[in-house]
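> Residue numbers (the numbering used here): 4 to 215. Even for Gly, the Cβ is constructed at its ideal location relative to N, Cα and C. What you are looking at is a predicted structure, and each value in this text was computed from that prediction instead of being measured. One structure is given below, represented as structure tokens, and several questions about it will come after.
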């Protein structure tokens, strides 16, 4: 699918966008409905398939506070982009606002720190497979690697996942007996997997969350 075509209320911070195609790294509304957005501390990096600038299709209905967004367009294998100017030439024809919208926001990072954090922790970072590794390697090439695929065969297949031994789960609720016993559940009661615990998560969710 395409990169974000943002409408309505949106807070876009600390993202890394790599190798978008011809639609844009961030499509600014492209409609007659009002949008109110913050776009802060993001890094846009052109790749082999990038044919347009980072921001496209903005108009007067797209009201945005923009700050400290970087764009690396030279594809030279180094992360050496520059801050985008806060003008329509960099953000398309959006309506710039002077103060950020008061939305819940993450801890502020510089665009450079966002790249480091994303590459380290994006996706299933505890057990990355060959596809994860290849995609991260593309971003780390900073412009020289990557492609938009329509079939997994173009990417060497779906990758291999090493199987592990399943833990004993007597009642088949998705929670191993050992964890159920340790946490005061009944390993022979299949209904307790979906029961809501005191923290407002189901017991099954609490088990899954405990794995990380």
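#1: On the premise that residue 57 lies in contact with residue 1, defined as a C-beta separation below 8 Å, what is that separation, rounded to the nearest angstrom?
#2: Go ahead and pull the three-state DSSP assignment for residue 135.
#3: Do you know offhand how far residue 189's Cα is from residue 197's?
#4: Assuming residue 83 and residue 62 make a contact with CB atoms under 8 Å, what is their CB distance in whole Å?
#5: Output the boundary residues of the alpha helix (DSSP H) element that contains residue 92.
#6: Taking the alpha-carbon positions, what's the residue 150 to residue 195 distance?
#7: For residue 114 and residue 73, which I take to be in contact (beta-carbon distance under 8 Å), what is that distance rounded to the nearest angstrom?
#8: May I have the straight-line CA-CA distance separating residue 79 from residue 31, to the nearest angstrom?
#9: Report the partner residues of residue 68 according to the DSSP bridge assignment.
#10: Sorted by chain position, which residues of the same chain lie with C-beta nearer than 6 Å to residue 86's C-beta, five sequence neighbours on each side aside?
#11: Check whether the region 178 to 187 touches the region 37 to 55, taking contact to mean three or more Cβ pairs, one atom from each stretch, closer than 8 Å.
#12: For residue 60 and residue 166, what's the separation of their Cα atoms in angstroms?
So, from the listed chains and residues:
#1: Nothing in the structure corresponds to residue 1, since the chain is present only between 4 and 215.
#2: Translated into the one-based positions of the chain shown, residue 135 becomes position 132. Helix at residue 135.
#3: The sequence position of residue 189 within the chain shown is 186, counting from 1. The sequence position of residue 197 within the chain shown is 194, counting from 1. Straight through space, the alpha carbons of residue 197 and residue 189 are spaced by roughly 13 Å.
#4: Taking the first residue of the chain shown as position 1, residue 83 is located at position 80. Taking the first residue of the chain shown as position 1, residue 62 is located at position 59. Residue 83 to residue 62, Cβ: 32 Å. No contact.
#5: The residue you call residue 92 lines up with position 89 of the chain shown. Looking at the DSSP string, the run of the alpha helix (DSSP H) that includes residue 92 is 91 to 94.
#6: Position 147 of the chain shown, counting from 1, holds the residue named residue 150. Position 192 of the chain shown, counting from 1, holds the residue named residue 195. Straight-line Cα distance between these residues: approximately 45 Å.
#7: By 1-based counting over the chain shown, the position of residue 114 is 111. By 1-based counting over the chain shown, the position of residue 73 is 70. At roughly 4 Å, the Cβ-Cβ gap stays under 8 Å, so residue 114 and residue 73 are in contact.
#8: Residue 79 sits at position 76 when you count from the first residue of the chain shown. Residue 31 sits at position 28 when you count from the first residue of the chain shown. Cα-Cα distance, rounded: 27 Å.
#9: Your numbering for residue 68 matches position 65 in the chain shown. Bridge pairing for residue 68: 41 [DSSP].
#10: Locating residue 86 in the chain shown gives position 83, where the first residue counts as 1. Shown here for residue 86: same chain residues with a beta carbon closer than 6 Å to its own, the five before and five after excluded, namely 73 in chain order.
#11: Cβ pair count under 8 Å is below three, so no.
#12: Counting from one through the chain shown, the residue named residue 60 turns up at place 57. Counting from one through the chain shown, the residue named residue 166 turns up at place 163. Going by the C-alpha atoms only, they are around 46 Å apart.
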